[in-house]
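For reference, the structure is listed below as structure tokens.
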Amino acid sequence: MRALPIRFRLTLWYCLIFGILMTIITTSIYLIQRTSHYKEIDRSLLSISEFILNETHKELNKGVTLSEIQLEFKNLSLNGVVFAIEDVKGQRIASGGGSIKKPNITLPEMHGMKAPLHTFTDLDQRYRMYVQAIVIDNETLGYVLSEFPLYRIDHSMNFLLWLIVSFTVLGLGLAALSGWYLARKAFRPLAMITETAKAIAHTQSFEHRVMYDGVRDELGQLVETFNVMLQSLENAYLSQKRFVENASHELRAPLTTIRGNIDIMQSVDLMPVMERKEILDDMKREAVRMSRLVAELLILARADAGQEIAFEVVDLHEIALEVTYEIRKWSSLIRIECQLDHQTMVWGNSDLIKQLLIILTENAIRYTLNEGSVLIRTRKLAGHVLIEVNDTGIGINERELPFIFERFFRGELARIHFPAGTGLGLPIASWIVKQLQGQIQVISEKGKGTQMTVMLTAIQ
3 MRALPIRFRL TLWYCLIFGI LMTIITTSIY LIQRTSHYKE IDRSLLSISE
53 FILNETHKEL NKGVTLSEIQ LEFKNLSLNG VVFAIEDVKG QRIASGGGSI
103 KKPNITLPEM HGMKAPLHTF TDLDQRYRMY VQAIVIDNET LGYVLSEFPL
153 YRIDHSMNFL LWLIVSFTVL GLGLAALSGW YLARKAFRPL AMITETAKAI
203 AHTQSFEHRV MYDGVRDELG QLVETFNVML QSLENAYLSQ KRFVENASHE
253 LRAPLTTIRG NIDIMQSVDL MPVMERKEIL DDMKREAVRM SRLVAELLIL
303 ARADAGQEIA FEVVDLHEIA LEVTYEIRKW SSLIRIECQL DHQTMVWGNS
353 DLIKQLLIIL TENAIRYTLN EGSVLIRTRK LAGHVLIEVN DTGIGINERE
403 LPFIFERFFR GELARIHFPA GTGLGLPIAS WIVKQLQGQI QVISEKGKGT
453 QMTVMLTAIQ
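The numbering of the sequence shown is our numbering, which starts it at 3 and goes up by one.
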């Protein structure tokens, strides 16, 4: 079963809540008005009946019989009240305000009821009657009747009820329209996000953005976050695309070289030994380069996959000594110096730190001319351990410094000095530093050398 749209459900909730509130308010108004009107009628009936009864008692106390009583009602404000005086036999003694309607029960029966006020219907018209006995010396001589026709009150109350129902229905209609409009306006950013997502799925391009210029409320923040996510996805997509293109290009070169050499060897039956050896050496160099490239690509692929790192307490002094000992075997034409602090314990991973030192030192040696020098130094500074690798090499152009940690990026001087490089060493070093929650900084000047500084958290 398909779920109802959120806008429709919100509109239903608006209408339900508004309807409940309107019903409570209008019902309260109706009941208050109805009660106040009928209480006012009852007060009028009671006051007029009391006045007539008092006047009747005055005349009776003078010795006048009930049938001989003559009362003046000129100063009596009736306000639509009809009254009458009758004896116990039902004989009309006096009346005023119009003709009085009587129910189909006797006055003694009505007076004997618990409530002196009675409501009855005659010819589809309702009446309110108050009956009070005329008692002298414990003898009931007659009754005072006061009556008020309720058709005008009933008509006005029915009209009020009709108005309340009409306005309630109209209010519900307006609430439904307003709720639908507000829900549509509130969810407009969501609709824009949906359309953008569909466009991305259709075009398979992350260039689309949600164009939203509304207030920065929760939905505005959602749109902003969605656009930031799209930017991140676009960057990742473009980075991955460049990565694949560059990797294909870098792998194509050694494969082309190897394939060309194989074709030459297959086409020449009697190739001189020295020429064959040169071809095989060339193929070996390209194979080694391709192996190194594949290994570095594998490291970066694991990094992108979120490889978990096992942390431990690492003695940086020992690792630096080990790396220095290994690197001194690579070149005897470059002077390698060490200034290592013995108290350099860090929280990290020994394999990654060793790989980081090898990358930085190998780069320093690779781009330093013969008879140059490379200095490896570790020291403590304000709760941190600094690893510094300084060389007197070719340096880096200032405009290229922001890009040296991008994958496959190689500066102009680097490509000239060492064409066989892959441009993956420093990106791997940058990833290692991030995994170790450290920082890496590069200071370089063309023709004067480079200083790589890594800052890691020290263990006290």
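The beta carbon of each residue, even a glycine, is placed where N, CA and C say it ideally should be.
Q) Cβ atoms of residue 381 and residue 390: under 9 Å apart, would you say? A) Cβ atoms of residue 390 and residue 381: closer than 9 Å.
Q) Using the beta-carbon count (16 or more within 10 Å), is residue 365 buried or exposed? A) Flag for residue 365 reads buried.
Q: Report yes if the CB atom of residue 348 is closer than 9 Å to the CB atom of residue 461, and no otherwise.
A: The Cβ atoms of residue 348 and residue 461 sit closer than 9 Å to each other.
Q: From the DSSP output, in three-state form, read off residue 89 for me.
A: Three-state DSSP puts residue 89 in a strand.
Q. Which runs of the beta strand (DSSP E) spanning at least 3 residues fall entirely within the stretch 247–332, listed in chain order?
A. Entirely contained in the stretch 247–332, the beta strand (DSSP E) runs reaching 3 residues are, in chain order, 314–317.
Q | Three-state class that DSSP yields for residue 460 in the structure shown | A | Residue state, collapsed to three classes: strand.
Q) Which of the three DSSP states, helix, strand or coil, is assigned to residue 165? A) Three-state DSSP puts residue 165 in a helix.
Q. So, are the CB atoms of residue 326 and residue 361 less than 9 Å apart?
A. Against a cut-off of 9 Å, the Cβ pair of residue 361 and residue 326 comes out as no contact.
Q) Quick one: what's residue 150 bridged to in DSSP? A) According to the DSSP secondary-structure assignment, residue 150 is paired through a beta bridge with 130.
Q. Taking buried to mean at least 16 other C-beta atoms within 10 Å of its own C-beta, is residue 393 buried or exposed?
A. In the assembly as shown, residue 393 is a buried residue. Its beta-carbon has 16 or more other beta-carbons within 10 Å.
Q) Can you give, in chain order, each stretch of the alpha helix (DSSP H) that sits fully within the stretch 166–252 and has at least 4 residues? A) Positions of the alpha helix (DSSP H) runs, each at least 4 residues long and wholly inside the stretch 166–252, are given as 190–205 in order along the chain.
Q. If we ignore side chains and look at the alpha-carbon of each, how far apart do residue 420 and residue 284 end up?
A. Rounded to whole angstroms, the separation of the alpha carbons of residue 284 and residue 420 is 16 Å.
Q | Of the listed residues 346, 127, 99, 206, nearest to residue 105 (C-alpha basis) | A | Closest by alpha carbon: 127.
Q.
My output table needs one value for residue 408: the three-state DSSP class, helix, strand or coil.
A. In the displayed model, residue 408 falls within coil according to three-state DSSP, outside both helix and strand.
Q) Based on the DSSP output, what are the partners of residue 383 in its beta bridges? A) Bridge partners of residue 383: 386.
Q) According to DSSP, what are the bridge partners of residue 138? A) Partner(s): 141.
Q: Inspect the beta-carbon positions of residue 133 and residue 152 and report whether they are closer than 9 Å.
A: No.
(Q) In whole angstroms, give me the CA-to-CA distance for residue 406 and residue 321. (A) Approximately 25 Å between the Cα atoms of the pair.
Q. Between residue 2 and the rest of its own chain, which residues show a CB-CB distance below 6 Å, the 5 nearest in sequence each way excluded?
A. The structure shown does not extend to residue 2, since the chain spans only 3 to 462, so no value can be given for it.
Q) When DSSP builds the beta bridges, which residues end up paired with residue 122? A) Paired residue(s): 129.
Q.
Distance check for residue 425 and residue 415, CA to CA, integer angstroms please.
A. Answer to the nearest angstrom: the Cα atoms are 13 Å apart.
Q. Do you know whose CA, among 208, 273, 28, 178, lies nearest residue 164's CA?
A. Ranked by Cα distance from residue 164, the first of 208, 273, 28, 178 is 28.
Q) Ends of the beta strand (DSSP E) at residue 98? A) Looking at the DSSP string, the run of the beta strand (DSSP E) that includes residue 98 is 94–98.
Q | Given residue 73 as reference, the closest of 98, 437, 81 once Cα atoms are compared | A | Ranked by Cα distance from residue 73, the first of 98, 437, 81 is 98.
(Q) For a test of the three-state rule: what should DSSP assign to residue 21, helix, strand or coil? (A) Residue state, collapsed to three classes: helix.
(Q) Give me the residue from 65, 162, 119 with the minimum Cα distance to residue 35. (A) The alpha carbon of residue 35 has as its nearest neighbour, out of 65, 162, 119, the alpha carbon of 162.
**Q.** Assigned secondary structure, residue 427 (DSSP; H/G/I helix, E/B strand, else coil)
**A.** Reduced to three states, the DSSP call for residue 427 is helix.
**Q.** Segment contact flag, the stretch 338–358 with the stretch 426–445, C-beta cutoff 8 Å, min 3 pairs
**A.** Put simply, the stretch 338–358 touches the stretch 426–445. At least three CB pairs are less than 8 Å apart.
Q. Whose CA, out of 316, 367, 422, lies closest to the CA of residue 397?
A. Looking only at 316, 367, 422, the smallest Cα-Cα distance to residue 397 is reached by 367.
(Q) Based on DSSP bridge pairs, tell me the residues matched to residue 375. (A) Answer is 337.
Q: For residue 1, name the three-state secondary structure that DSSP assigns.
A: The structure shown does not extend to residue 1, since the chain spans only 3 to 462, so no value can be given for it.
Q. Which class does residue 391 belong to by DSSP, given the choice of helix, strand or coil?
A. Three-state result, residue 391: strand.
Q: Examine the Cβ distances between the stretch 14–31 and the stretch 176–190 and report whether three or more of them are shorter than 8 Å.
A: Counting C-beta pairs closer than 8 Å gives three or more between the stretch 14–31 and the stretch 176–190, which meets the contact rule.
Q | Where residue 19 falls, given that 16 or more other Cβ within 10 Å makes a residue buried | A | The residue in question, residue 19, is exposed, as its Cβ has fewer than 16 Cβ neighbours within 10 Å.
Q: Inspect the beta-carbon positions of residue 55 and residue 155 and report whether they are closer than 9 Å.
A: Annotated as distal: residue 55 and residue 155, with beta-carbon spacing of 9 Å or more.
Q. Would you call the CB atoms of residue 376 and residue 408 closer than 9 Å?
A. Between residue 376 and residue 408, the C-beta spacing is not below 9 Å.
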